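In this text, residue positions in the sequence shown follow the numbering used here: the first is 1, and each later residue adds one. Using N, Cα and C, we set each Cβ at its ideal position, and we do this for glycine too. Since this is a predicted model, take the numbers as computed values, not measurements.
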Amino acid sequence: MQKSFGERFGLAIVVTLVLVGGLIVMMGMLDDDTPPVKLDATGDRDAAADQAVPRRAAPVAESEKTPSVATQATPSENAAPEVRVTGQTIDRRRRPKSAIIEVLLEGQPALRAMSDDDGYFTIDTGARPGATRRRGTVWAKDESGGGLAEFRIDPDSKDTIDLGRIVLGGEGRKTILVTRHGEPVPEATVFCGRRNQLGFGPFTTDVEGRVGPLSLPSGEHQVIAFFGADERGDAMFRMPEEDSDSIQVELEDAWRLVVTVKDEARREPVEGVALQASCHAQVGPKMGAAFPAITSLPIPPTDADGRSVLRGLSRAHAVTVTVQLPKTYDLQGRFEPAPHARAEPGADSLEVLIPAGVTYRFPIVVDETPGPDDGAVVRLSVPRGYGGAAPPSTGRVVGRDVVVEGASEHCMNILAMAEDGSMAILRLLREAKKTHIGSDAKFKLPRTLE
């Protein structure tokens, strides 16, 4: 018999209520934090259920609490992960082979490990990327003479440096002997490699003043040995060399150069400037080669007196000291020359002058903001996507003008940021190069800056 509309409607309501009730029960089961009860080893359900009930840990006294790792770490440690080196050791037939792995890195003790049966290794160096470039070498050792691979740790280093394959047993083997007045010198620091890329090291001489034997590729090589900061020895050799399997390096007094950096306009010392040094050598009648100057210690930034000391320099070559400035260029691709000066071998001191540059004024015009007040300091940079040389790091407000001192003649576009976050793009058009008065400074909110 066909049911009436009312009966069918009532049946639909009952079915709906049953489904909703079942859904609520299922949701409650999913939200239950209590783990499922299982039988214990003896089959006692109650004992297993008792163990499954979550227990609240007893309160810990403040004096007993252990700081977390994040609390113990310094900000610099949290900034970047430690750098790891990885690679594979193989023999001359390209077959994987296990070897002793020694990681040598400037400023810290050597690290030792073994590559596995397939020749693979991964070692934490314990170093993090920093402002100072550090040289390092992986020395893989076995009965065939081993193999070498170099690496660098600098601000742009990744957390893993893949050295690829290291071939054990190169084309020749050479032992380096470091002496002073003919006597062996233990604990001397040794670097080895090409003249323009002294990559392998730092090695440390043993009690007999020796390093090696080192397995090196064919060609001309240079060895530099340091003892302390002010003794240095240099030697050149070619691989392979039939008459001798060793090379002697005699230590002598090294060249020590004091560099002072000053502002050209005011003749005042400039603090915190990074320096780099290079040498120039004749390699032919009409040819020369430039290569980095190797020092016994990293070159420190200038101090409050604008001074930095270069120690362990070779007396065989003149040295050019350059102030490291941002590598910027204008739209024509002309690089901004960095301030530099040249010192002849044996000179005691050297002065490097930073050009004063040009002073420009940019009238402040009320826009979305009235602009910074008189005496305020604004941060300066090159806007993203714009060309031109980098401006000074800061400018100042004088009256109703933004004043930029020491700008390069190749400076074209400047992003000025006030303390309240408002920004203005300052432009130096052709006429401004003559009048030294740039475009209007219209400070806008960041979201509407164009």
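>> Am I right that R307 and T260 are in contact with their C-beta atoms under 8 Å? What's the rounded C-beta distance?
In response: For the purposes of this step, residue 307 is taken as residue 307 along the sequence shown, with counting starting at 1. For the purposes of this step, residue 260 is taken as residue 260 along the sequence shown, with counting starting at 1. Contact between R307 and T260 holds: CB atoms are separated by about 5 Å, below the 8 Å threshold.
>> Is the separation between the beta-carbon of T160 and that of R266 shorter than 7 Å?
In response: Locating residue 160 in the sequence shown gives position 160, counting from the first residue. Locating residue 266 in the sequence shown gives position 266, counting from the first residue. No, the pair does not count as a contact, with Cβ atoms beyond the cut-off.
> If you draw a straight line from the alpha carbon of L257 to that of R379, how long is it in whole angstroms?
Replying inline: Within the sequence shown, the letter at position 257 stands for residue 257. Within the sequence shown, the letter at position 379 stands for residue 379. Between the alpha carbons of L257 and R379 lies a distance of about 35 Å.
> Do E150 and F200 have their CB atoms nearer than 7 Å?
Replying inline: Indexing the sequence shown from 1 puts residue 150 at position 150. Indexing the sequence shown from 1 puts residue 200 at position 200. In this structure, the beta-carbon distance from E150 to F200 falls below 7 Å.
> Should Y360 and V404 be called a contact, given that it needs their Cβ atoms to be closer than 7 Å?
Replying inline: Taking the sequence shown and counting its residues from 1, one reaches residue 360 at position 360. Taking the sequence shown and counting its residues from 1, one reaches residue 404 at position 404. Going by C-beta atoms, Y360 is nearer than 7 Å to V404.
> At which residue ranges does the stretch 114–174 contain complete beta strand (DSSP E) runs of 3 or more residues, listed in the order of the chain?
Replying inline: Taken in chain order, the complete beta strand (DSSP E) segments of 3 residues or longer contained in the stretch 114–174 are 120–124, 134–141, 147–153 and 160–167.
>> So, at 8 Å on beta carbons, what are the nonlocal neighbours of V309 in its own chain, with the 5 sequence-adjacent residues on each side left out?
In response: Residue 309 sits at position 309 when you count from the first residue of the sequence shown. Residues of the same chain with a CB within less than 8 Å of the CB of V309, apart from the 5 flanking positions on each side, are R256, L257, V258, V259 and P300 in chain order.
> Tell me the DSSP bridge mates of R95?
Replying inline: Translated into positions along the sequence shown, residue 95 becomes position 95. R95 is not bridged to any residue.
>> Once DSSP output is grouped into helix, strand and coil, what is the label at A343?
In response: Sequence index remark: in the sequence shown, residue 343 carries index 343 (1-based). Three-state DSSP puts A343 in a strand.
> Would DSSP call T322 helix, strand or coil?
Replying inline: On the sequence shown, position 322 is the one that residue 322 refers to. T322 falls in the strand class under three-state DSSP.
>> Please state the DSSP three-state secondary structure of E368.
In response: Against the sequence shown, residue 368 aligns to sequence position 368. E368: coil per DSSP, three-state reduction.
> Leaving out five residues before and five after P81 in sequence, what residues of the same chain have Cβ atoms less than 6 Å from its Cβ?
Replying inline: Along the sequence shown, one-based indexing puts residue 81 at 81. Excluding positions up to five away in sequence, the list reads D159.
> Mapping DSSP to helix, strand and coil, what is T435?
Replying inline: For the purposes of this step, residue 435 is taken as the residue at position 435 of the sequence shown. In the structure shown, T435 sits in a helix (DSSP, three-state: H, G or I).
> What residue range is occupied by the uninterrupted beta strand (DSSP E) comprising H221?
Replying inline: As a first step, residue 221 must be located in the sequence shown, where it is residue number 221. Following the DSSP letters along the chain, one finds H221 inside the beta strand (DSSP E) bounded by residues G219 to F227.
> Helix or strand or just coil, what does DSSP make of R430?
Replying inline: Here residue 430 refers to the residue found at position 430 when the sequence shown is read from its first residue. Secondary structure at R430: helix, using DSSP grouped into helix, strand and coil.
> For P446, which three-state DSSP category applies?
Replying inline: Position 446 of the sequence shown, counting from 1, holds the residue named residue 446. The three-state secondary structure of P446, taken from DSSP, is helix.
>> Would R400 and V377 be called neighbours here (beta carbons separated by less than 7 Å)?
In response: As a position in the sequence shown, residue 400 is number 400, starting the count at 1. As a position in the sequence shown, residue 377 is number 377, starting the count at 1. The answer is no: Cβ separation not under 7 Å.
> Do you know offhand how far I354's Cα is from E264's?
Replying inline: As a working mapping, residue 354 is identified with position 354 in the sequence shown. As a working mapping, residue 264 is identified with position 264 in the sequence shown. Whole-angstrom Cα-Cα distance: 5 Å.
>> What residue range does the beta strand (DSSP E) around D401 cover?
In response: Within the sequence shown, residue 401 is the residue found at index 401, counting from 1. Run containing D401: D401 to A407, per the beta strand (DSSP E) assignment.
> What is the residue span of the beta strand (DSSP E) that M239 lies within?
Replying inline: Locating residue 239 in the sequence shown gives position 239, where the first residue counts as 1. M239 -> beta strand (DSSP E) spans E231 to M239.
> Does the distance from the C-beta atom of A407 to that of A416 stay below 7 Å?
Replying inline: One-based indexing of the sequence shown puts residue 407 at position 407. One-based indexing of the sequence shown puts residue 416 at position 416. No. Outside cutoff.
> When burial is assigned at 16 or more other CB atoms within 10 Å of the CB, is R134 buried or exposed?
Replying inline: Counting from 1 along the sequence shown, the entry for residue 134 is found at position 134. Around the beta carbon of R134, 16 or more other beta carbons sit within 10 angstroms, so the residue counts as buried.
> When the Cα of I224 is compared with those of E208, T435, D124 and F191, which residue comes out closest?
Replying inline: The residue labelled residue 224 in the question sits at position 224 within the sequence shown. With distances taken between CA atoms, I224 lies nearest to F191 out of E208, T435, D124 and F191.
> What are the partner residues of E268, as DSSP defines its beta bridges?
Replying inline: The residue labelled residue 268 in the question sits at position 268 within the sequence shown. Assignment of beta-bridge partners to E268 by DSSP yields no partner.
>> Please report whether the beta-carbon of H317 lies at a distance below 7 Å from any beta-carbon of chain D.
In response: Among the chains in the structure shown there is no chain D, since it carries only a single protein chain.
> In terms of residue numbering, what span does the beta strand (DSSP E) encompassing T89 cover?
Replying inline: In the sequence shown, the residue the question calls residue 89 occupies position 89. Element bounds for T89: R84 to I90.
>> I need the DSSP call for Y360, collapsed to helix, strand or coil.
In response: As a position in the sequence shown, residue 360 is number 360, starting the count at 1. Judged by DSSP in its simplified three-state form, Y360 adopts strand.
> Distance, Cα to Cα, S246 vs S314?
Replying inline: Here residue 246 refers to the residue found at position 246 of the sequence shown. Here residue 314 refers to the residue found at position 314 of the sequence shown. Cα to Cα, the separation comes out at about 22 Å.
>> Residues in the same chain with beta-carbon distance under 6 Å from D91, minus the five sequence neighbours each way, listed in chain order, please.
In response: Here residue 91 refers to the residue found at position 91 of the sequence shown. Spatial neighbours of D91 in its own chain (CB-CB distance under 6 Å, excluding positions within 5 residues in sequence) are listed in chain order as K97 and L168.
> Buried or exposed: which applies to S349, given that a residue is buried once 16 or more other Cβ atoms fall within 10 Å of its Cβ?
Replying inline: Here residue 349 is taken as the residue at index 349 of the sequence shown, counted from 1. Residue burial is scored here from C-beta neighbours: S349 has fewer than 16 other C-beta atoms within 10 angstroms and is therefore classed as exposed.
>> Measuring straight from C-alpha to C-alpha, what distance separates V138 and V319?
In response: Here residue 138 corresponds to residue number 138 of the sequence shown, with the count starting at 1. Here residue 319 corresponds to residue number 319 of the sequence shown, with the count starting at 1. Using only the alpha carbons, I get a separation of about 30 Å.
> What separation, rounded to the nearest whole angstrom, lies between the Cα atoms of G209 and G388?
Replying inline: In the sequence shown, the residue the question calls residue 209 occupies position 209. In the sequence shown, the residue the question calls residue 388 occupies position 388. About 53 Å.
>> Below 8 Å on the Cβ atoms is my contact criterion, and I expect G147 with T175 to pass it. Report the Cβ-Cβ distance as a whole number of Å.
In response: In the sequence shown, residue 147 corresponds to position 147, counting from 1. In the sequence shown, residue 175 corresponds to position 175, counting from 1. With a beta-carbon spacing of about 16 Å, G147 and T175 fall beyond the 8 Å limit used to define contacts.
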